[in-house]
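The next block holds one structure in the form of structure tokens; read it before the comments.
Chains as they are written, first to last, in the working numbering: chain A, 329 to 481; chain B, 136 to 580.
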């Protein structure tokens, strides 16, 4: 049996160490908020936080996580930056189909935690790896700014 | 009188020819160690050849399997996704394409009809069963050091495998390189055809390491530069070279640009796992060598290799910085940001695993800081790994990087390579789209 700290809770499960973290989250632990997109770290749908940093869970083997803390979309609302991002996302109705949005919010929350007032270049640098095929990029950018400033921009 | 003059001229010509050959051929691979040599049979301190202790009582086939892996036959004689040892892998050379042969025991298309003598002729002398010469892409000048016993154990292992009917594609070489008969002159000059002779002034571990490095692992075939005749130039032994489109770095004992400053533990880790913290991760041909060969070797053999590597005289790679660059700043706005196009590619495709600092949030194996690849102003290996990705077995499972060759244009690959080498290395590369096109061509199979 292996253990991981996910959203502040110790989870025990049975999985080989070379299984991608994403599979453990979705298929073993039933936490399906994190999405499978491309499987090769190129779309961002599977983004989670490891010790507060946004990483792609589809290419991270669970054995390589060690005792670092994982945060997923299910738990991000408990962090100040995550809560602000989620509120701005709802206020601006960012979501269209929604498939990529768990990853978008996770990337945005990591950005806001590290850079509370990001400019456009900061947003590009943090969000470029998260693809949205509906093209909600304009609303994502606006929502990040609103979450940073606490008001509609 | 006239005869005397003619004879005199003949002597002078012959002497000049002999001196010429002696100069072109250069020193042998182990000549840097000046101790006295004895024949293997007369060396009693330990046994440099053969298999490690734990396999001493194993069957001939099992011993052959260990030696076949140590000699890394598979990597060249197997195509991606193809049957093992069935050949057909293409080697892009400046004068055409060579294809590796089928070395399964199929009688028609493989080596099933090879007698022991035929096999030794191929391995030691580069001569095929039909008498034709082998191109030196087959490292027979290195395998010439191998004992007959070890070579025949390898044969026994290969003959224990299922025969595969497979004919490799015809070589595509331009004249005069397509004239196989000329290879006998090349071999006469460059193949010493001499078995390993231990050096009594060195330790048993050194002698084992020398045997492993020269007769089996054939390190020099990639890490030693070649002369104009494409033979290994042992005046610059292990000083680094470009092979198969990848740069094999300096592995001499030079402290700055070789492995002289690496700890024993780092060298052991790099060879057996393909990664040492702060030194990057083996990819490309070295990644394959680790996965199929070094990772299969006994720990004492890895340590013997390290003991041997330590003794190779240091030579400096003058194009590399004296020390690899430290980690880049964590912020995307700090540090080198010159190449806007490269940054656009990096932030979209690379940063989620490699980080803005080069310290990977995912795995130490994906950390760029300290790797020679990003510190090489030529940018060769960075461009190659962007093009073809990597797939490595690690103690934590498989770690892979996708190939971006089909996702990005030559211009974009050049831009991101220049950005990465500038941000994470000492001096950025200046690659162009044409350079990337050439690299694609060199690794095409």
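We put the beta carbon where it would ideally sit given N, CA and C, even for glycine.
Computed from a predicted model, the values in this text were never measured in an experiment.
Outcome for residue i when other beta-carbon atoms lying within 10 angstroms are tallied against a minimum of 16
i: residue 490 (chain B); result: buried
i: residue 388 (chain A); result: buried
i: residue 453 (chain B); result: exposed
i: residue 463 (chain A); result: exposed
i: residue 188 (chain B); result: exposed
i: residue 417 (chain A); result: buried
i: residue 519 (chain A); result: With chain A covering only 329 through 481, there is no way to say anything about residue 519 (chain A).
i: residue 200 (chain B); result: buried
i: residue 369 (chain B); result: buried
i: residue 481 (chain A); result: Low confidence applies to residue 481 (chain A): its pLDDT is 48, below 50, so where it sits in the model is not reliable, and the reading given next is rough at best. Result: exposed.
i: residue 311 (chain B); result: exposed
i: residue 395 (chain A); result: exposed
i: residue 583 (chain B); result: This structure leaves residue 583 (chain B) out entirely; chain B is present only between 136 and 580.
Selection from the options that minimises the alpha carbon distance to residue i
i: residue 163 (chain B); options: B:293, B:564, B:447 and B:451; result: B:447
i: residue 471 (chain A); options: A:411, A:427, A:358 and A:366; result: A:411
i: residue 507 (chain B); options: B:228, B:414, B:439 and B:318; result: B:414
i: residue 351 (chain B); options: B:388, B:259, B:223 and B:501; result: B:259
i: residue 343 (chain B); options: B:380, B:281, B:368 and B:323; result: B:281
i: residue 474 (chain B); options: B:465, B:485, B:556 and B:458; result: B:556
i: residue 233 (chain B); options: B:217, B:195 and B:269; result: B:269
i: residue 385 (chain B); options: B:373, B:441 and B:532; result: B:373
i: residue 442 (chain B); options: B:231, B:387 and B:528; result: B:387
i: residue 370 (chain A); options: A:379, A:359, A:384 and A:434; result: A:384
i: residue 227 (chain B); options: B:166, B:139 and B:380; result: B:380
i: residue 383 (chain B); options: B:204, B:422, B:345 and B:266; result: B:422
i: residue 435 (chain B); options: B:407, B:219 and B:419; result: B:407
i: residue 161 (chain B); options: B:573, B:378, B:359 and B:347; result: B:359
i: residue 263 (chain B); options: B:322, B:284, B:299 and B:224; result: B:322
Within-7 Å CB hit, residue i to chain A
i: residue 547 (chain B); result: no
i: residue 415 (chain B); result: no
i: residue 459 (chain B); result: no
i: residue 280 (chain B); result: no
i: residue 467 (chain B); result: yes
i: residue 488 (chain B); result: yes
i: residue 564 (chain B); result: no
i: residue 333 (chain B); result: no
i: residue 225 (chain B); result: no
i: residue 483 (chain B); result: yes
i: residue 498 (chain B); result: yes
i: residue 540 (chain B); result: no
i: residue 395 (chain B); result: no
i: residue 532 (chain B); result: yes
i: residue 537 (chain B); result: yes
Minimum Cβ-Cβ distance from residue i to chain B less than 7 Å
i: residue 352 (chain A); result: no
i: residue 408 (chain A); result: no
i: residue 383 (chain A); result: yes
i: residue 447 (chain A); result: no
i: residue 368 (chain A); result: yes
i: residue 345 (chain A); result: yes
i: residue 388 (chain A); result: yes
i: residue 437 (chain A); result: no
i: residue 457 (chain A); result: yes
i: residue 453 (chain A); result: yes
i: residue 380 (chain A); result: no
i: residue 481 (chain A); result: Annotation note: pLDDT 48 at residue 481 (chain A) (below 50); position unreliable, no value reported.
i: residue 365 (chain A); result: no
i: residue 431 (chain A); result: no
i: residue 416 (chain A); result: no
i: residue 394 (chain A); result: no
i: residue 391 (chain A); result: yes
Bridge partner(s) assigned by DSSP for residue i
i: residue 227 (chain B); result: B:232
i: residue 377 (chain B); result: B:382
i: residue 262 (chain B); result: B:268
i: residue 179 (chain B); result: DSSP output for residue 179 (chain B) lists no bridge partner at all.
i: residue 92 (chain B); result: Given that chain B is displayed from residue 136 to residue 580, the structure contains no residue 92 (chain B) and the question cannot be resolved.
i: residue 147 (chain B); result: DSSP, once it has assigned bridges, lists no residue as partnering residue 147 (chain B).
i: residue 532 (chain A); result: Not covered by the structure: residue 532 (chain A). The range shown for chain A is 329 to 481.
i: residue 410 (chain B); result: B:416
i: residue 528 (chain B); result: B:533
i: residue 376 (chain A); result: A:383
i: residue 334 (chain B); result: B:172
i: residue 348 (chain A); result: A:389
### Task
For the stretch 392 to 463 of chain A, list the beta strand (DSSP E) runs that are entirely contained and at least 3 residues long, ordered along the chain.
397 to 399
### Query
Where in the stretch 343 to 379 of chain B do unbroken runs of the alpha helix (DSSP H), each at least 4 residues long, occur, reported from the N-terminal end onward?
355 to 358
### Query
Which runs of the alpha helix (DSSP H) fall wholly inside the stretch 490 to 514 of chain B and span at least 4 residues, in chain order?
507 to 510
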